[in-house]
Structures are given as structure tokens and as C-alpha cells.
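Participant: Order-wise, the sequence lines are chains Y and R.
In terms of this note's numbering, the first sequence has 441 at position 90, counting the first letter as 1, and numbering is strictly consecutive.
In terms of this note's numbering, the second sequence has 259 at position 242, counting the first letter as 1, and numbering is strictly consecutive.
Cβ atoms here follow ideal geometry from the backbone N, Cα and C, with glycine treated the same way.
Attaching a single structure in C-alpha cells format; questions to follow.
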Amino acid sequence: MLRLRRGSSRDPRRGLDMSEGTRSGATHLTPVSTDELSGILREASEKSLNVNVVGGGTRQGYGTPVEPDLVVDMGRFADIETWDPDDLTVTLGAGTLVAELESMLSSRSQSAVLSEIPGDSTVGGSIAAGISSLRRARLLGTRERMLEVTLVTGDGRVVRAGGRVVKNVSGFDIPRLVVGSFGSLGVITSVCLKLWSAPRASATVTIDDLETASQVKRPLAVLEENQRRRVFLWGTPEEVEASSTRLGGDYVDGLDWPTDPAGPHRWSLRVPPAQTSEALSRLPGDWRFLAIHGAGEIRASSASAKGAADLREWAEGTGGSLVVVDAPDGSQFDPWGKPPPALELQKKLIAEFDPARVINAGRLPGGL
Amino acid sequence: MSLIDDLRAVLDHDRVLEEPLELHLFSRDSSLMTGEATCVVFPETTEEVAEVVKVAEAAGVPIVARGAGTGLAAGASPTEGGIVLVTTLLNNIEIDAENRTAWVGAGVINLDLTKEAEPYGLHFAPDPSSQSACTIGGNVANNSGGAHCLAEGATTSHVLALEVVLAGGETLVLGSQAPDQPGLDLKGVIVGSEGTLGVVTRAVVRLLPIETDVRTLLIDFDTLDATTKTVSEVIAAGLVPAAMEIMDQRMMTAVENWLHAGFPTHSAAVLLAEVVGEKEAVEAEAALIERIAIANGAGEVRLAVDEAHRAQLWKGRKSAFGAIAQVSPDYYLHDTVVPRSNLVAAMAEVQAIADSYDLPVYNVLHAGDGNLHPLIAFDASEPGLLDKVHKAGEEMVAACLRYGGALSGEHGIGLEKRDMMRIGFSELDLDAQARLKMVFDPSGIFNPAKVLPEGSRCFDFGGVRREIPDGAWI
């Protein structure tokens, strides 16, 4: 029989407020095994209970708000199953903190290239919410880390797809499909990720104008904030030194990553990469921003949603989007904007993985 | 009206082929598995593709989309009959240099895209060895890799959006030049789906700057072991070069006899490694590879002296399979992947299996990715030999799976490895895949009987279904 635990049994070291973003009265469960999780989801499907899945609880404001009957805490799925540094792959439980993973990997100068400043984010949460690294213009987004996934579907099936090798075409690419899926295809329990070696040298160089960045062929990142523009470099010591000299400007050793802009309203603006500068010129003047040049992603924050509707309309016209990453309770601003193409197909696909539609139902755009 | 009449109502008369010789030409891809096309069509526009899909659905006949037919897993062989839809007339290219992207028709040849992008200082990174023939649509279908996907990723890493004709003839653009389109990334699941979910008509792909500082090293070794060990150690040292390819002596000799590219045929194996980037980086990285190679007993380390020399070396590498023609009339090529740290052991076992069947195996590897391509050369007219070749091949694939590998790195499952999917995946895993297929293709017309073994969608998961509320889509 399944042991249903009332209340949070999460490791108190993390100090997570489990009630954040959830209706009071929801039951909190902390499954310790795939079997237990499967049982919980089967039961939820039978009883049509709405399930919210929590990793580090850092993205609870992202997506259409849902009121769960059950909150499933993935904190116990935190084992590193295998890490073979020579293969540049790691297989681990989805509840592992990104910070803990990166700390382990850095002992061999490796990185999974997820969030640079992850806070309490878990690996599974970052994947489900589709959060990518600031290094994405060079090393691509989180989907490119995905080699294998194991998930428990809404009706409790344990499904594995992909493989633990860096190159693989065997069946449909479900590992990449779960990135940004908000659990709609199932709760991610374990993943195998492709790793990168961190080169020996790195530097952060402040530049005056963006044109200067083109002096470096393929920088690790070119980031623009309200008050500064910086180029991030890594490579051999000779290369980093030569690139820094080419760029001129102030130079510090190491990668001095910025935090995401904070504020009551937090946004993610996505446009074709060449339109990043134009997008910045269209942001309301009091918005704070962090733009990833070359990737077309702009993270922003603001005191209110004023001006957001116009910005969204423009962004959607470019083929992009403006989505709400967090907003104060009661915010009336539509979190997603224009529904994605193939909504009906997405609905049918989700129904195959979560027939009773119990995991984060309605959280994705278009009421999915 | 007949199927042909229906198709000729939507396509010009001469773009619907039905003569036996024409059908025979399109009855298989580059695998050894032959099907039988009912007819062959050459649509020129996405709208025409949609019309063909509607005709096929109404008639209940399969559609097998095909580009150049360079596939090696029978993914484009019409083994269930039906319409072979050839994409080669969907061949428009629009470069967007500012965004470093291009809209590309499915029938555009891979190398033609790179040539078209060259004046902008850009290129398309995936470079399968067949790149002078294979099409972008085929690359998307198989998530093709190539020598240079070691650092840059396979096709899926370079596809930003797809125009695709789905069941019912519905045409959608999935994905965008902008990142992270909200909702499920359906574009991503169509890449690598081998034409089983719909027909891709156009793609938006990323283009990368042409590298100007390049070092290409050709290093020879006394043993294949030492060569693979060098590759493993380079990766373990934290270096991901642009490419790391191995050819063994047999393969090198076949290539050299044909192309005279300057391969050291006296050596047991050769490593072709390439590093790109900032000038200062490539020098340091080339030196590191050389050090590791020498520590593993490498013989001579040659550096490509100029672009022409480099092009010649790559031509040699990419012509490997073609070179087999002067050795024997037929070959059977497998495509498996193992974790890179198991490459040495897996290669040794592949060789032992070939020896036990007394078959000559030629090796050419995308070694940096752990991607093996053992090739068995033989004469299919020799009685019983094909059977032996099949058995040996299956043992090789099974061995790679035992080493933690995957069935296919870049050639796809197609029909060839379809039934081996059961080795790597559980019934529930395959059932999930089959459900996905059914959502996209409820009438089962898109490249049927490929990728998923028969009966994949048979698992009845007891208990829950009947509890599902009315109106839920099952």
C-alpha cells in the first residue's frame, strides 16, 4: 500500500515554503520511489485530482495558475545514478538541485549548462519549465542537454525514451519534447544529460557598444543589462587573453554571471535573434532587463504590466512571444498570449500521456 | 476514378509516375530492402503535398516521403506499397543572414544549402557523408549527424521551425526563429521521426559562421585500439574538437586506391581530427591532441597544409562507403552508438564477431561521438552469404547495446532495426511511442510499418481507463 504523507516532509535544510502558489488545504506528498509516484498519479487519475509537481518551487508563478488538490514534492528523487566524467554524461534523479549537480560536476571541470544562478531550482523543474542557460547562444538551450528521460505518466505508467549516448535516433524524441512541457506528458523522474567540459580559462569583459562583441568569433555569451554590456569568454588561456585584448574594455577573470531581473512582474520576451536590440528599444522605460544576444531571449521585470500588451503584440508579430514568468497574485494579464499552433494536436498528445489530465492541467497555453 | 487519376487531378500528368521501370527506380532507398511503389509523385509546392496527402487518405494508401534516397535503414523504401512522394522539387532556399537562418525546401541538397550560404560567410553544420546527395528533408527525418556534429550537434540542434503537412492535409508551421515557443515543442518530435508523423515540406535552419582558423590533423597508429583510446582520452581531457573520425586500414586502403588522398595505408588505423575557433585556441588544442596521440604510440602526425589538402582529406573520409564498390559488389553497414568510454571494448567485440563469421569488416567511425559504422563487404550473389551478414550485423548491434549503447546514431531505425527496438525498450516505452504516432497519424498512412515494431500499441494498461471521465480523449 502506498504511504500517503500529510504535510511536507521535505528536507528542512532547503527551507522551502511548500504552500507557495498552492491553495491551502492541498495535500502534500513526497514520494520516495517511482512506484510510489506511479501509485499517487494512478490514484489522482481515478479520483480526478489536480496535481502540482514541485521541484525547488522557484517557478510556481510561471504559466496559468492552477489550484492543486495534491502537491507532489520531487525532493527525494535526488540520486546521481551514474556520472562518467570520461563520457561527458550524467544520469540523475529529477529532484536533484541544479546547484548541487553543478558543484559536483565542477570538481572535474564539467557543467550541465543549465541555469548559472539556479537558486533552489531542481534539474527536473528546470527542464519541465524549459529554463535555459545564459550560454545558450553558444551552447544552445536545455533541450540540447537531453539524452534520455524517464517519466511517470498521468495514469501512472513508467516510460523511458532516448538513451545514454550523445547521439541517438531510435524512436521519437520524447527527451526533448518534455522540455517546457510543465509535466503535461508526465512527471520527470530521471534524466541523462549531455555535459560540457569547462575550459581552463574564462573572463568577463565589459564593452561600450555591441558592435565590439563581433571582434570575438564565438563568445560564450554576450549579455546586455540596463546599465552594462558584457562579453563572456572561455577557452584556452591564450585564446581568452587574445580575445580580451581584441575587445578592449574592463576585464575580470572568471564568469561574473548576472542574476535575473527581480520585481513583482517577471517576463520572458522571445524574438528572432536579430531583433533583440529592437526589442530592448521597445521595452517600457522603467523595465529592468537581461538580454541574451544571439539567442533572442530577454528576461525582464517591471513594477506593473503597463505597456506589456503592446510589447506582446509586437513580439508575436515577429514570430516570438512575451510570457509571464511571475506576477503578483490576482494579476489579470494573460500569462501566455497567443495560443501555439496545433493546439488540438497538443491536446490529443497530452491526453495519451495524461488521459485524466491531472498533472498541472490548464497551466500550459491555450488551456492545455 | 483510380488513384492515379485522383493524383493527376492535383498534379501535372508528368509528375505522377506509374510505369514499371519508374516504379522500380523508387522501390528502395540505399538499403538492401526493396518495396513496391504504387506510384511516384513529384509535388512542387506545399499545397500540392497537402492535396496528395488528402488523396492518399481518401484512398487509404500509404505515403512514403523520400528525398535523395540515401537512407540506409529502409526508411524510404515503400515496403507497404503506396505513394512515394519525392521532395526534390521543393527546392527553394531563402537565406536570412541577419538572423543566421534559412528557410529551406525539404528537397534541397544539404551541400547546396551550404554553398548558397557561403557568400554570407555561413554554412549548415550537419554534414553527413552523403551531403552532396542527401536532402534537408531526409536530414530532418533521420536527425542526421555527420563528422562535424561532434561539437555542433545533429540536425535537431539546427532546426528552428518546420512547415509540415499533417493528417487530413492540414499544413502547419511549428516552431519559430524566436526561441522557446510556448506549448509543446512538436517541431522537435518531428525531427528524427522518419516520415512517420507527416510530410515536412520546409524547414527553418540555423546557419553557423564559416570557421577560418582550422587545424586538420591526420594521425596514424599501429593498432585500432590505440586510435580509439586516443579519442576517448581527448574527450576525457575536456576537449570537444569539431570532428574526430577514425578509419581502419582496410577502409583507408579502399579509399586510397580510389581517391589517392594521401592516407597512410601502412598503418592499422588513422585518426582525422579537426579543431576550429580562435587562432590561439586551435593551436593549443591541436597540440593537445598531438600530445595525447603520441602518448598512445602514434606514428606520424600530419597537418593539412592548406584548404585544398584539408578538402582532399575530408573527401577521402566522406567517400569511404563509395570506395567499397571497388572491393565487392555489396556492403552492409551498421550504425550504432556506445558511451565513448566503451568505444575500445565495443570495437574489439565488433572485430571478434566479424572474425567468428569469417567476414571482412571495414571500420569508419564518428569516434568522438562513440558512433560506430562497421561495414561488412560481401557478394550477395554468393548463396547463404547475406544471411550470414545479417546474423553478424545483428550480433554487432546487440553487443553495442550491451555496452550501454543505442540502436542507431544517425541513420535511423526504418525497417531495418524496427524489430530490434524491443531489445532497448519496454512494452510501455514502445506503447508511449505508438500513442504519439497515432495522435499524429490516426489513419496510419505516413510511412507505415517503420520505426515501431508491429503490436507496439497493444499494451492495455489495466484499471485506469474505465475511470476516465467522459469526453476525455483516449
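To which residues of the same chain is R/Thr353 closer than 6 Å at the C-beta, ignoring the five residues directly before and after it?
Facilitator: On the second sequence, residue 353 of chain R is found 336 positions in, with the first residue counted as 1. Around R/Thr353: Leu389, Val414, Cys417 and Gly422.
Participant: With a Cβ-Cβ cutoff of 8 Å, do R/Val381 and R/Met268 count as a contact?
Facilitator: For this step, residue 381 of chain R is matched to residue 364 along the second sequence. For this step, residue 268 of chain R is matched to residue 251 along the second sequence. A contact, by the Cβ cut-off of 8 Å.
Participant: To the nearest angstrom, how far is the alpha carbon of R/Gly185 from that of R/Val216?
Facilitator: One-based indexing of the second sequence puts residue 185 of chain R at position 168. One-based indexing of the second sequence puts residue 216 of chain R at position 199. So the two alpha carbons sit approximately 12 Å from each other.
Participant: Could you give the residue range of the alpha helix (DSSP H) that holds Y/Arg617?
Facilitator: Within the first sequence, the letter at position 266 stands for residue 617 of chain Y. First-last for Y/Arg617: His616 to Arg621, but that is the beta strand (DSSP E), not the alpha helix (DSSP H).
Participant: For Y/Pro686 versus Y/Val674, is the C-beta distance shorter than 8 Å?
Facilitator: Taking the first sequence and counting its residues from 1, one reaches residue 686 of chain Y at position 335. Taking the first sequence and counting its residues from 1, one reaches residue 674 of chain Y at position 323. In contact: Y/Pro686 and Y/Val674 (Cβ atoms closer than 8 Å).
Participant: Taking Cβ to Cβ, would you say R/Val57 is nearer than 8 Å to R/Phe43?
Facilitator: Position 40 of the second sequence, counting from 1, holds the residue named residue 57 of chain R. Position 26 of the second sequence, counting from 1, holds the residue named residue 43 of chain R. Closer than 8 Å, so yes.
Participant: Out of R/Asp230, R/Gly316 and R/Met264, state which residue places its alpha-carbon closest to the alpha-carbon of R/Thr6.
Facilitator: Residue 6 of chain R is absent from the structure shown; chain R starts at 18 and stops at 491.
Participant: Excluding the 5 residues preceding and the 5 following R/Ser147 in the sequence, name in chain order all residues of the same chain whose CB lies nearer than 6 Å to its CB.
Facilitator: On the second sequence, residue 147 of chain R is found 130 positions in, with the first residue counted as 1. If we look at R/Ser147 and ignore the five residues flanking it on each side, its Cβ neighbours are Thr87.
Participant: Could you check whether the stretch 607-616 of chain Y touches the stretch 638-658 of chain Y, counting it as contact only if at least three pairs of C-beta atoms, one from each stretch, sit closer than 8 Å?
Facilitator: In short, these stretches touch, since the Cβ pair count reaches three.
Participant: Comparing alpha-carbon positions, which option in Y/Trp665, Y/Leu448 and Y/Pro624 lies nearest Y/Pro635?
Facilitator: In the first sequence, residue 635 of chain Y corresponds to position 284, counting from 1. Taking only the C-alpha atoms, the option nearest Y/Pro635 is Y/Trp665.
Participant: Alpha carbon to alpha carbon, what distance is there between R/Glu211 and R/Asn159?
Facilitator: Walking along the second sequence from the start, residue 159 of chain R turns up at place 142. Walking along the second sequence from the start, residue 211 of chain R turns up at place 194. Near 6 Å, if we compare the C-alpha coordinates of R/Glu211 and R/Asn159.
Participant: Using a C-beta to C-beta distance shorter than 8 Å, which residues of chain Y count as neighbours of R/Gln450?
Facilitator: Reading the second sequence from its first residue, position 433 is the one you call residue 450 of chain R. Near R/Gln450 (Cβ distances below 8 Å), the residues of chain Y are Ala512, Gly522, Phe523 and Ile525.
Participant: On the criterion of 16 or more Cβ atoms from any shown chain inside 10 Å, does Y/Lys518 qualify as buried, or is it exposed?
Facilitator: For the purposes of this step, residue 518 of chain Y is taken as residue 167 along the first sequence, with counting starting at 1. It counts as buried.
Participant: For Y/Gly372, is the classification buried or exposed, using 16 other Cβ atoms within 10 angstroms of its Cβ as the cut-off for buried?
Facilitator: Taking the first residue of the first sequence as position 1, residue 372 of chain Y is located at position 21. Because Y/Gly372 sits at a pLDDT of 42, beneath the cut-off of 50, its placement in the model cannot be relied upon, and the following sentence gives the value as read from the coordinates. So Y/Gly372 ends up on the buried side.
Participant: Tell me which residues of the stretch 643-660 of chain Y have at least one Cβ-Cβ distance to chain R shorter than 7 Å, keeping chain order.
Facilitator: The residues in question are Ala646, Gly647 and Glu648.
Participant: On the three-pair Cβ rule with 8 Å, is the stretch 689-705 of chain Y touching the stretch 528-543 of chain Y?
Facilitator: Verdict: yes, contact present.
Participant: Need the endpoints of the alpha helix (DSSP H) that Y/Phe704 sits in, please.
Facilitator: Position 353 of the first sequence, counted from the first residue, corresponds to residue 704 of chain Y. Y/Phe704 -> alpha helix (DSSP H) spans Leu694 to Phe704.
Participant: Cα separation between R/Asn464 and R/Pro95?
Facilitator: On the second sequence, residue 464 of chain R is found 447 positions in, with the first residue counted as 1. On the second sequence, residue 95 of chain R is found 78 positions in, with the first residue counted as 1. Going from the Cα of R/Asn464 to the Cα of R/Pro95 covers about 8 Å.
Participant: Per DSSP, what kind of secondary structure is R/Ala286 in: helix, strand or coil?
Facilitator: Within the second sequence, the letter at position 269 stands for residue 286 of chain R. DSSP places R/Ala286 in strand when its eight states are reduced to three.
Participant: Can you tell me whether R/Leu235 is helix, strand or coil according to DSSP?
Facilitator: Along the second sequence, read from residue 1 onward, the residue named residue 235 of chain R stands at position 218. Note: R/Leu235 maps to strand in three-state DSSP.
Participant: Return the first residue and the last residue of the beta strand (DSSP E) that Y/Asn403 is part of.
Facilitator: As a working note, residue 403 of chain Y is residue 52 in the first sequence. Here the beta strand (DSSP E) through Y/Asn403 covers Val402 to Val405.
Participant: Between the C-alpha atoms of R/Val318 and R/Leu276, what's the straight-line distance to the nearest angstrom?
Facilitator: What you label residue 318 of chain R is simply residue 301 of the second sequence in a count that begins at 1. What you label residue 276 of chain R is simply residue 259 of the second sequence in a count that begins at 1. Their Cα atoms are separated by approximately 21 Å.
Participant: Enumerate in chain order the residues of its own chain whose CB-to-CB distance from Y/Ala549 is below 6 Å, with the five nearest sequence positions on each side excluded.
Facilitator: As a working note, residue 549 of chain Y is residue 198 in the first sequence. Correct list, in chain order: Ser460 and Ser462.
Participant: Just the chain R side, please: which residues come within less than 9 Å of Y/Thr624 by C-beta, in chain order?
Facilitator: For the purposes of this step, residue 624 of chain Y is identified with residue 273 of the first sequence, where counting begins at 1. According to the sequence as given, residue 624 of chain Y is Pro; it is not Thr. Correct list: Glu115, Asn116, Arg117, Thr118, Gln194, Ala195 and Pro196.
Participant: Would you kindly work out how many angstroms separate the C-alpha atoms of R/Ser460 and R/Ala76, rounded to a whole number?
Facilitator: Here residue 460 of chain R refers to the residue found at position 443 of the second sequence. Here residue 76 of chain R refers to the residue found at position 59 of the second sequence. Cα to Cα, the separation comes out at about 11 Å.
Participant: If you compare alpha carbons, which of R/Arg308, R/His326, R/Lys408 and R/Met364 is closest to R/Tyr349?
Facilitator: Residue numbering aside, residue 349 of chain R sits at position 332 when the second sequence is read from its first letter. Minimum Cα distance to R/Tyr349 is reached at R/Lys408.
Participant: In this structure, what does DSSP give as the bridge partners for R/His140?
Facilitator: Start at 1 with the first residue of the second sequence, and residue 140 of chain R comes out as number 123. Answer by DSSP bridge pairing, in chain order: R/Leu225.
Participant: Nearest-angstrom Cα distance between Y/Asp560 and Y/Phe523?
Facilitator: For the purposes of this step, residue 560 of chain Y is taken as residue 209 along the first sequence, with counting starting at 1. For the purposes of this step, residue 523 of chain Y is taken as residue 172 along the first sequence, with counting starting at 1. Those two C-alpha atoms are separated by around 44 Å.
Participant: Please classify R/Leu320: is it buried, with 16 or more other beta-carbons within 10 angstroms of its beta-carbon, or exposed?
Facilitator: Mapped onto the second sequence, residue 320 of chain R falls at position 303. R/Leu320 should be labelled exposed.
Participant: Ordered along the chain, which non-local residues of its own chain (more than five positions away) have a Cβ less than 6 Å from that of R/Asp23?
Facilitator: Translated into positions along the second sequence, residue 23 of chain R becomes position 6. Same-chain partners within the cutoff: Val72.
Participant: Of the residues that make up the stretch 680-691 of chain Y, which ones have a beta carbon closer than 8 Å to any beta carbon in chain R?
Facilitator: Flagged, chain order: Trp687, Gly688, Pro690 and Pro691.
Participant: Thinking C-beta only, is Y/Thr587 closer than 8 Å to R/Ala259?
Facilitator: On the second sequence, residue 259 of chain R is found 242 positions in, with the first residue counted as 1. On the first sequence, residue 587 of chain Y is found 236 positions in, with the first residue counted as 1. Cβ distance not < 8 Å, so R/Ala259 and Y/Thr587 don't count as in contact.
Participant: So, is the C-beta of R/Ser174 closer than 8 Å to a C-beta in chain Y?
Facilitator: As a first step, residue 174 of chain R must be located in the second sequence, where it is residue number 157. By this cut-off, R/Ser174 is an interface position.
Participant: So is Y/Gly390 in contact with chain R if we call contact Cβ pairs under 8 Å?
Facilitator: Here residue 390 of chain Y refers to the residue found at position 39 when the first sequence is read from its first residue. With 8 Å as the cut-off, Y/Gly390 does not count as an interface residue toward chain R.
Participant: Quick check on the DSSP output: the beta strand (DSSP E) that includes Y/Thr381 runs from which residue to which?
Facilitator: Counting from one through the first sequence, the residue named residue 381 of chain Y turns up at place 30. Neither: Y/Thr381 is in no beta strand (DSSP E) and is coded neither H nor E.
Participant: Using the beta-carbon count (16 or more within 10 Å), is Y/Arg486 buried or exposed?
Facilitator: Within the first sequence, the letter at position 135 stands for residue 486 of chain Y. The residue in question, Y/Arg486, is buried, as its Cβ has 16 or more Cβ neighbours within 10 Å.
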